[in-house]
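Heads up: the structure comes next, in structure tokens.
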Amino acid sequence: MQNGDMLDSEHSRELFAYYGLAVYYGQALEQQLVNLILLMKMSQGKAVSDEDLEDLYERKMSSSLGQLIHEVRHHFTFSDEETRQLNELWKQRNSIVHHYFKERIHETFSPEGRSRMIKELEDFKDRAQELEISLQQYTGAWIAQLGLNAESAAALRRLEHMHSESMHARSMEEENQRD
1 MQNGDMLDSE HSRELFAYYG LAVYYGQALE QQLVNLILLM KMSQGKAVSD
51 EDLEDLYERK MSSSLGQLIH EVRHHFTFSD EETRQLNELW KQRNSIVHHY
101 FKERIHETFS PEGRSRMIKE LEDFKDRAQE LEISLQQYTG AWIAQLGLNA
151 ESAAALRRLE HMHSESMHAR SMEEENQRD
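FYI, full-length UniProt numbering numbers position 113 of the sequence shown as 113, with every residue one higher than the one before it.
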């Protein structure tokens, strides 16, 4: 099989799909950490206006996963197991995003290598998804504990939506500049 054929194979497409899922769930984990940070700031009265929240949200969304983990751990107590999982996922996420194909390119040329990579990416995705769901539960419980009303919870969702729109607009601008 020639190199171009290998990249177009169904098995290769499956590998790339799992890579995309791993990156997606890494970002979902980042999103939940940002939500926890926003809740902390809201509970401390440090981000009360929509403008303050939006500014804080944008700053935190540009933070690295490591920075978010470090900040959240200063204000929020995780179990030892959750802390271990966060640290493991942080390291593995960085490897996936920054080095994965550079370090593993030789494995993409064999079905066995691709299968190993798919299994590894699927495992990361599952663990990141599981932790992200746990963080969602913490977020929901904290909203209730702080007595934040539905309006405050809706403000978090609006910020997520505004961020998505902002990122989409930026990607469209970049695409237009390339044309």
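A virtual CB, placed ideally from N, CA and C, is assigned to each residue, including glycine. Note that the coordinates shown come from a computational prediction; the quantities given were computed from them, not determined experimentally.
Just mark residue i as buried or exposed, buried being the case when its beta carbon has 16 or more other beta carbons within 10 Å.
{"i": "Arg116", "result": "exposed"}
{"i": "Gln32", "result": "buried"}
{"i": "Asn87", "result": "exposed"}
{"i": "Met1", "result": "Interpretation of Met1 is limited by its pLDDT of 46, a score under 50 that renders its predicted location unreliable; no figure is taken from the coordinates."}
{"i": "Leu146", "result": "exposed"}
{"i": "Gln92", "result": "buried"}
{"i": "Arg84", "result": "exposed"}
{"i": "Gly20", "result": "exposed"}
{"i": "Arg13", "result": "exposed"}
{"i": "Tyr24", "result": "exposed"}
{"i": "Ile96", "result": "buried"}
{"i": "Ile143", "result": "buried"}
{"i": "Gly4", "result": "Confidence is the limiting factor: at Gly4 the pLDDT is only 49, short of 50, which leaves the residue's position unreliable, though a coordinate-based value still follows. Exposed: under 16 other Cβ atoms inside 10 Å."}
Give me the residue from the options with the minimum Cα distance to residue i.
{"i": "Asp123", "options": "His11, Arg13, Tyr18, Ser9", "result": "Tyr18"}
{"i": "Ile69", "options": "Leu131, Trp142, Leu53", "result": "Leu131"}
{"i": "Glu10", "options": "Leu146, Ile118, Gln136", "result": "Ile118"}
{"i": "Lys125", "options": "Ser12, Phe78, Ala22", "result": "Ala22"}
{"i": "Glu30", "options": "Leu53, Arg59, Lys102", "result": "Arg59"}
{"i": "Arg127", "options": "Glu81, Arg13, Arg114, Ala144", "result": "Glu81"}
{"i": "Ser64", "options": "Trp90, Glu103, Phe76", "result": "Trp90"}
{"i": "Gln44", "options": "His75, Met61, Gln129", "result": "His75"}
{"i": "Met40", "options": "Gln27, Val72, His99, Thr108", "result": "Val72"}
{"i": "Gly66", "options": "Asp55, Tyr57, Gln27", "result": "Gln27"}
{"i": "Ser134", "options": "Arg104, Leu15, Phe78", "result": "Phe78"}
Open item on the list: Ignoring anything shorter than 4 residues, give me the alpha helix (DSSP H) runs that lie fully in the region 47-129, in order along the chain.
Closed with: 50-61, 65-75, 80-104
Open item on the list: Closer than 8 angstroms is the cut-off here; do at least three beta carbon pairs connect the region 128-142 with the region 29-43?
Closed with: yes
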